[in-house]
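Chemist: For the sequence shown, position 88 (counting from the first letter as 1) is numbered 88 according to UniProt numbering, and the numbering increases by one without interruption.
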Amino acid sequence: MSALPRKVHLPASPSGAVITAAGDLLRAIAAPVRIAIVLQLNESPCCVHELVDALQTPQSLVSQHLRILKAAGVVAGERAGREVVYRLVDDHLARIVVAAVIHAAEDPTIK
């Protein structure tokens, strides 16, 4: 295990609405396919077929998860000719996903 990081402090105590919204965001990324999509988009924007190839996941499943991520404001899509290129809206949730993956990889009981 790595050393404990310094505490991260919020500028102010969050309201109940902010905490609820944070829970909604975490639920939006709480599926293995969505985690994989966020990790892939963290590397570079992609269209659906690139995500399908990279994740070895059926197109219909990738599209379904992209709709959930888009509705949650995690990803945005921009039309490029006949394709839609998806990108992360910002890097906040990517940092959470990367930290969760690193944390899971440090667990000796997980292969």
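No residue lacks a Cβ here, since even glycine has one placed at the ideal position from N, Cα and C.
#1: Please report the distance separating the alpha-carbon of Gln59 from that of Glu78.
#2: Have a look at Ile96 and Pro108 and give me their C-alpha separation to the nearest angstrom.
#3: Going by beta carbon distance, what residues of the same chain come within less than 6 Å of Val101, once the five residues before and after it are set aside?
#4: With DSSP run on the structure shown, which of helix, strand or coil describes Arg6?
#5: Just verifying my parser: in three-state terms, what is the DSSP assignment at Arg67?
#6: Buried or exposed: His65, going by 16 or more other Cβ atoms within 10 Å of its Cβ?
#7: Pro45: which of Arg27, Ala104, Ala80 sits nearest, CA to CA?
Modeler: According to the data block:
#1: Position 59 of the sequence shown, counting from 1, holds the residue named residue 59. Position 78 of the sequence shown, counting from 1, holds the residue named residue 78. Whole-angstrom Cα-Cα distance: 18 Å.
#2: Along the sequence shown, read from residue 1 onward, the residue named residue 96 stands at position 96. Along the sequence shown, read from residue 1 onward, the residue named residue 108 stands at position 108. Cα-Cα distance, rounded: 21 Å.
#3: The residue you call residue 101 lines up with position 101 of the sequence shown. So the list is empty, once near-sequence residues are dropped.
#4: What you label residue 6 is simply residue 6 of the sequence shown in a count that begins at 1. DSSP, reduced to helix, strand and coil, places Arg6 outside both helices and strands of the structure shown, so it counts as coil.
#5: Within the sequence shown, residue 67 is the residue found at index 67, counting from 1. Helix.
#6: Locating residue 65 in the sequence shown gives position 65, counting from the first residue. With 16 or more other Cβ atoms inside 10 Å of its own Cβ, His65 counts as buried.
#7: By one-based count along the sequence shown, residue 45 stands at place 45. The option with the nearest alpha carbon to Pro45 is Ala80.
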